[in-house]
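Chain order of the listed sequences is A and P.
The opening residue of the first sequence carries number 6 in this note's numbering; numbering runs sequentially from there.
The opening residue of the second sequence carries number 6 in this note's numbering; numbering runs sequentially from there.
Everything below concerns the one structure shown next.
2 protein chains.
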Amino acid sequence: MSLLPEPVAVLIAALGRLPGIGPRSAERLALHLVQSDSVSIECLAESLLDAKKRVGFCSICGALTEQQPCVICSDNGRDPSSICVVETAVDVINIEKSGAFSGRFHVLGGKVSPLNGVGPEDLRISELESRLHDVKEIILALGTDVEGDATSTYLAQRLSSKALKVTRIAHGIPAGTGLEFADDLTLSRAMEGRREMQ
Amino acid sequence: MSLLPEPVAVLIAALGRLPGIGPRSAERLALHLVQSDSVSIECLAESLLDAKKRVGFCSICGALTEQQPCVICSDNGRDPSSICVVETAVDVINIEKSGAFSGRFHVLGGKVSPLNGVGPEDLRISELESRLHDVKEIILALGTDVEGDATSTYLAQRLSSKALKVTRIAHGIPAGTGLEFADDLTLSRAMEGRREMQ
Numbered sequence: 006m007s008l009l010p011e012p013v014a015v016l017i018a019a020l021g022r023l024p025g026i027g028p029r030s031a032e033r034l035a036l037h038l039v040q041s042d043s044v045s046i047e048c049l050a051e052s053l054l055d056a057k058k059r060v061g062f063c064s065i066c067g068a069l070t071e072q073q074p075c076v077i078c079s080d081n082g083r084d085p086s087s088i089c090v091v092e093t094a095v096d097v098i099n100i101e102k103s104g105a106f107s108g109r110f111h112v113l114g115g116k117v118s119p120l121n122g123v124g125p126e127d128l129r130i131s132e133l134e135s136r137l138h139d140v141k142e143i144i145l146a147l148g149t150d151v152e153g154d155a156t157s158t159y160l161a162q163r164l165s166s167k168a169l170k171v172t173r174i175a176h177g178i179p180a181g182t183g184l185e186f187a188d189d190l191t192l193s194r195a196m197e198g199r200r201e202m203q
Numbered sequence: 006m007s008l009l010p011e012p013v014a015v016l017i018a019a020l021g022r023l024p025g026i027g028p029r030s031a032e033r034l035a036l037h038l039v040q041s042d043s044v045s046i047e048c049l050a051e052s053l054l055d056a057k058k059r060v061g062f063c064s065i066c067g068a069l070t071e072q073q074p075c076v077i078c079s080d081n082g083r084d085p086s087s088i089c090v091v092e093t094a095v096d097v098i099n100i101e102k103s104g105a106f107s108g109r110f111h112v113l114g115g116k117v118s119p120l121n122g123v124g125p126e127d128l129r130i131s132e133l134e135s136r137l138h139d140v141k142e143i144i145l146a147l148g149t150d151v152e153g154d155a156t157s158t159y160l161a162q163r164l165s166s167k168a169l170k171v172t173r174i175a176h177g178i179p180a181g182t183g184l185e186f187a188d189d190l191t192l193s194r195a196m197e198g199r200r201e202m203q
């Protein structure tokens, strides 16, 4: 007979499905939660439902938003001639934080991954193609893993017939670290991507 | 202007208050949750509320339970002559898992900790004293830190006038490890607690 009350076991299972939460962490969290006061647990449950209810994806670019279209797509001050293509809605937030880009975004919703059964038709590529009028540059800001590389190559080929420039963000040594922390692939990419100093 | 929708920021704050969840993890979890399907997020919110609503503390021993009194307190097969005193309701579950104890439990609800403003009167000690009829042994299974030591000593003194034995669980080298992994204090406690081999 297990001493763990059934609702606690259900909660542990639900928490264990979250990314980065293992079975031990899920148990620790669940037992903390049932022992904490009602207000904080209700506040957590409410913020979960509230976030899900109020936050959706922008119908144009696919970023997280409370309004349609999102603040970026409805901002006339942003450069409409360049679109930055990213994998997930979270990437939009990260690039915006950096302040390095002033154009529009387009969220693919993943990357081509035959092993996981994700083909180009599962991504928001035709939605991207319908946005290409007046666009002069597509900046691919996908991951640097095998699938990110394959998706970038695929997109560059598919868009090559259009009258626009397709670029990919640079890969190299991260800012603020020495060469000793970079792996071989990063080093060889950094070498390939070298630029003449002014 | 932050791109993070306000309900997501609220959710990140709520998740960040959980133990072991730092700001980065909270952000990652929240963004995963708002991007996942409605069913899984509702299931999580519901299991939170359900666990809090249905699970409470046993009125006798203080363990987590769905019924009053809990399954251990209402089990006549368990030895009523020994009570194992623990800090939290979770400790009961852990000791039960080990199968090493067949008596009753008593949850103190913490340990004496002057720095955190927790005195003996904040713990369930008088509740323990009201359960002492027919009890022959009190087993103290509190932590081995300074506060656990102080609480054990305090309880042993306070209960010394009663006609019962007060014992404390052994501290020493954990099972399955070598001496090289034990710190000085653990080694000296293990030495103190040595027993004659049969």
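Ideal Cβ placement from N, Cα and C applies to all residues, glycine included.
The model shown is predicted, which means the values in this text are computed figures rather than measured ones.
Quick one: does VAL112(A) have its CB under 8 Å from some CB of chain P?
no
Would you say the segment 68 to 83 of chain P touches the segment 119 to 137 of chain P, given that touching needs at least three Cβ pairs under 8 Å?
no
Checking the sheet assignment: what are the DSSP bridge partners for ASP84(A)?
GLY108(A)
As assigned by DSSP and simplified to three states, the class of MET6(A):
Note that MET6(A) scores a pLDDT of 46, beneath 50, so its modelled location is shaky; the value from the coordinates is reported in the next line. Of the three classes helix, strand and coil, the one that applies to MET6(A) here is coil, per DSSP.
In chain order, what residues of the same chain lie with their CB nearer than 7 Å to the CB of ARG173(P), ignoring the 5 residues before and after it?
LEU145, SER157
Alpha carbon to alpha carbon, how far is VAL112(A) from LEU164(A)? Give it in angstroms, no decimals.
16 Å
Establish whether the CB of PRO74(P) and some CB of chain A are separated by less than 8 Å.
no
DSSP three-state assignment for GLY61(P), whether helix, strand or coil:
strand
Extent of the continuous beta strand (DSSP E) to which THR172(P) belongs
170 to 173
Taking all protein chains shown into account, decide if ASP96(A) is buried (16 or more other Cβ within 10 angstroms of its Cβ) or exposed.
buried
So, for ALA187(P): in the same chain, excluding its five sequence neighbours on each side, which residues have a beta-carbon less than 6 Å away from its beta-carbon?
ILE178
C-beta atoms of ARG33(P) and GLY61(A) nearer than 8 Å
no
Any C-beta of chain P sitting closer than 8 Å to the C-beta of CYS89(A)?
no
Name the chain P residues that come within less than 8 Å of LEU147(A), Cβ to Cβ?
Chain P residues near LEU147(A): none, gap ~17 Å exceeds 8 Å.
With 16 other Cβ atoms within 10 Å as the buried cut-off, status of LYS170(P)
exposed
Which residues does DSSP list as the beta-bridge partners of CYS89(P)?
PHE110(P), ILE144(P)
Does DSSP put VAL76(A) in a helix, a strand or coil?
coil
Use the C-beta contact count for SER30(P): other C-beta atoms within 10 angstroms, 16 or more gives buried, fewer gives exposed.
buried
What separation, rounded to the nearest whole angstrom, lies between the Cα atoms of GLY21(A) and ASP55(A)?
21 Å
Boundaries (first-last residue) of the alpha helix (DSSP H) holding ARG194(A)
189 to 197
I need the straight-line Cα distance from THR70(A) to VAL15(P), nearest angstrom please.
14 Å
Is it the case that the Cβ atoms of VAL117(A) and ALA155(A) are separated by a distance below 8 Å?
yes
Residues in its own chain within less than 8 Å of GLU152(P) by CB, not counting five upstream and five downstream?
LYS116, VAL117, SER118
Helix, strand or coil at THR182(A) [DSSP, three-state]
coil
Just mark MET6(P) as buried or exposed, buried being the case when its beta carbon has 16 or more other beta carbons within 10 Å.
For MET6(P), the predicted structure reports a pLDDT of 47, less than 50, and the residue's modelled location is therefore unreliable. A value from the coordinates is still provided. MET6(P) should be labelled exposed.
Per-residue DSSP class, three states only, for SER43(P)
helix
Assuming contact is defined by CB atoms lying nearer than 8 Å, are ILE98(A) and LEU9(P) in contact in what I supplied?
yes
I'd like to know if LEU128(A) contacts chain P, where contact means its C-beta is closer than 8 Å to some C-beta of that chain.
no
Tell whether a beta-carbon distance below 8 Å holds between LEU49(A) and LEU36(P).
no
Kindly give me the distance between the Cβ atoms of LEU190(P) and LEU184(P), rounded to whole angstroms, as I take these residues to be in contact under 8 Å.
About 13 Å; that fails the 8 Å criterion.
Say whether chain A places a C-beta atom closer than 8 Å to the C-beta of ASP55(P).
yes
Just list the residues that DSSP pairs LEU69(A) with in beta bridges.
PHE62(A)
Check this for me: beta carbons of ILE46(A) and ILE88(A), under 8 Å apart or not?
no
Anyone know if the C-beta pair for VAL123(P) and PHE110(P) falls short of 8 Å?
no
Hey, is ARG29(A)'s beta-carbon within less than 8 Å of any beta-carbon in chain P?
no
Mind listing which residues of the segment 78 to 109 of chain P have their C-beta closer than 9 Å to chain A's C-betas, in chain order?
THR93, ALA94, VAL95, VAL97, ILE98, GLU101, LYS102
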